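> After the C-alpha cells below, expect a handful of questions from me.
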Amino acid sequence: MSKTQERALSFWQRMAYSIGNSGVGLLPAIVGSWAMYYYSPPPEDGSCLVSYVPVYLIGLMLAIGRVAEALLNPFIGDWSDKTNTKMGRRIPYILVGTPIMVLAMFLIWFPPIGHESLINAAWVCFWMSIVSMAFAAVVAPYLSLLPELTPYNEERLTVSALMALFEVLGVLTATAGAGLLINEYKCGVDVIGGLQLNGFQIAGLLFGILTLVAFYITGFGIKENPYTPSKKVELSFTEGFKQVWQNEAFSPYLYLVTAFRIGVDLVVVAIPYMITTVMRGTEGDAAVIQLIVLLGSVVLFPVVNWTSVKFGKKVVTLAGCIGFMVILPLMLGLGSIESIPLMVQGYILFGFATIPVAIFNVLPRPLLADVIDHDEKRTGLRREAMYNGVEGLFTRSASGFAWLLSSLLFHFFGNSAENPLGIQLVGPVGAIFIAIAFFAFRKYPFKA
C-alpha cells in the first residue's frame, strides 16, 4: 500500500458528496423508527398518544409504500443511466425529487382522524408511497455517483466512511433527536401563530428541512464527470435488467444486502417498543441508546477501513454478519439476569452491536462499486444507477417486509409490558435473516 492515497476528489468534493448521505439517513430513520410507534403506540402508554391505526394494519400500510419505492427503483436507474443534461445524469433527479420527498414526509405525521380509522390507514399509506417513490428518484442517482467520482479503492473506502459518518449523523438526528423531541413535546406545544404541533410533527418538519439542505449541498456542490461513450447506454430496460444478473458478483452482494435489510429493519422498528415496554424506559432513553450505538460505530469507522484494506472487504463483511448473528438473539433474554438492572442489560447488549453496525455502515457502497467496475469490464458501459435501482427493488421490498413482519409479531405474540414476547422475538428472527446473508455472501468472488 502506498503512503500517499491515490485520489480523484478534493477534500471539499468529498465533503459535498458525503453530506448528501445524511439525507439518506435522516428520512428513513425517522419514519422507520417512529411512524409505527406514532400510529400504534403501546397499549399501556398512558399518555396523550392515541392509536390511529390498529397494529396489525399499520405495518402493511407502511410496507405498501416501500413496495412502491422498490418497484420504481429499477426504472429510475434505467432513466438516470440514459439521461444526458448539462448538469449530468444524476444531479437533476436529486434537485427535483428532494422537495417532493420532504413535503410528503412531513404530511405523514398529520392523520386526519383523531382515533383508529381506515381513513388514517389510507392517509399514511398514500403519503408513505409518495415519500418512498421520491426517495427512490433521489437516492438511486445519488448513490450512483460514487463509482464514477473515483476509481481508486482506498479513496472509495475513505469516501464511504465519510458517507457513513454523515449517514450516522442523519440517523442519529432522526432517531435520537426525534426521541428527545417526542419525549418533551409528546402532547403538543404552541408554535408560531398559535399553531400546535406535537413532538413527532416538530421532528418531521425540522428533519425534513435538514434533508433538503443536505441533498442540495450535494446537488449544487458536485459536478459530474464529462459525458463519455461509456455513459451512452442504449440497452432497452429489459435487456439492461437481464444483463445485471449476468454479473456473477452481483447476486451474492444482493442477497447479502436484502437479507441484512430485513434483519436490521426488524430491530430498528422494535427499538422504541423495546425501550419503553420491555426495558421500562422512556422515548428519551430510546434516544440515548441509539446515540450510543451510532456514535460507537463512528469511532470504529477507521478500524473498519484499516481491516478492510488489510484483510479485504469480503472477510470483514462476513465478520459483521457473525456479530449480528451472535448479538440479536440475546434480545430474547433481556431481563433474565436479575442481578443486573434491566436498563443496564439493554445498554450492554446494544453497545456490543456497535461493531457490526460500523461494518455495515461503511462497506456496502465500496462493495457495489467493485461490482459495477466489473460490469464495465464485461460490457464497456457505466450503469451505476441500474445496479442501484435493482438493489433498491430488493432492499426496499425487504424493508417493507420487515415492517409487516414486525407488526404481525406484535399482533400475534404481544407488544405490551404484560406480554412483550412479540417485541423480544424480533431479535432471533432478525438473526435468521442475517444468517441467510452470511451464507449467501460467501460466494462473492472478490476479496479485496
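Everything in the sequence shown is counted per my numbering, starting at 22 for the first residue and increasing by one. Backbone N, C-alpha and C define an ideal beta-carbon position, used for all residues, glycine too. Small disclaimer: the values here were computed from a predicted structure and weren't measured.
According to DSSP, simplified to helix, strand and coil, what is leucine 30?
Here leucine 30 sits in coil by DSSP.
> Please look up how many angstroms separate the CB atoms of asparagine 42 and glutamate 176, rounded, as I've assumed it's under 8 Å.
Asparagine 42 to glutamate 176, Cβ: 16 Å. No contact.
> From the DSSP output, read off the bridge partner residues of glycine 109.
In the DSSP output, where bridge partners are listed per residue, glycine 109 has Thr106.
> Tell me whether aspartate 211 is buried or exposed, calling it buried when 16 or more other Cβ atoms sit within 10 Å of its Cβ.
By the neighbour-count rule (16 or more Cβ atoms within 10 Å), aspartate 211 is not buried but exposed.
> Can you tell me whether serine 23 is helix, strand or coil according to DSSP?
Confidence at serine 23 is low in this model, with a pLDDT of 45, below 50, so its placement is unreliable and no value can be given for it.
> If you compare alpha carbons, which of Ser360, Asn409, Ala469 and Tyr73 is closest to proline 133?
Nearest C-alpha to proline 133: Tyr73.
> Taking just the CA atoms, how far does proline 441 sit from glutamine 34?
Glutamine 34 and proline 441: Cα-Cα distance of roughly 48 Å.
> Spatial neighbours of valine 117 within its chain, please: C-beta separation below 7 Å, excluding the five flanking residues on both sides.
Excluding residues within five positions, none has a Cβ falling inside 7 Å.
> Compute the beta-carbon to beta-carbon distance between glycine 372 and isoleucine 296, rounded to the nearest angstrom, for a pair I have assumed lies under 8 Å.
Not quite, the Cβ-Cβ distance comes to about 14 Å (not below 8 Å), so this is no contact.
> Counting beta carbon pairs with one atom in the region 75–85 and one in the region 231–247, are three or more of them shorter than 8 Å?
Verdict: no, contact absent.
> Could you tell me which of Ala157, Ile238 and Glu245 sits nearest to alanine 91, measuring between CA atoms?
Closest by alpha carbon: Ala157.
> Excluding five sequence neighbours on each side, which residues of the same chain lie with their C-beta closer than 8 Å to the C-beta of serine 39?
Taken in chain order, the residues that qualify are Val180, Leu183, Met184, Leu186 and Phe187.
> In angstroms, rounded to a whole number, what distance separates the CA positions of isoleucine 203 and glycine 305?
Cα to Cα, isoleucine 203 sits roughly 8 Å from glycine 305.
> Between Val285, Asn382, Lys244 and Phe271, which has its C-alpha nearest aspartate 394's C-alpha?
It is Phe271 whose Cα lies nearest to the Cα of aspartate 394.
> Let me know the secondary structure DSSP gives leucine 167 once reduced to three states.
Leucine 167: helix per DSSP, three-state reduction.
> Give the secondary structure of leucine 355 by DSSP, where H, G and I count as helix, E and B as strand, and everything else as coil.
In the structure shown, leucine 355 sits in coil (DSSP, three-state: anything other than H, G, I, E or B).
> Would leucine 193 and leucine 315 be called neighbours here (beta carbons separated by less than 8 Å)?
Result yes, Cβ atoms of leucine 193 and leucine 315 sit closer than 8 Å.
> Please report the straight-line C-alpha distance between tryptophan 100 and isoleucine 51, rounded to a whole angstrom.
Tryptophan 100 and isoleucine 51: Cα-Cα distance of roughly 29 Å.
> Tell me whether glutamine 217 sits in a helix, a strand or coil according to DSSP, three-state version.
Glutamine 217: strand per DSSP, three-state reduction.
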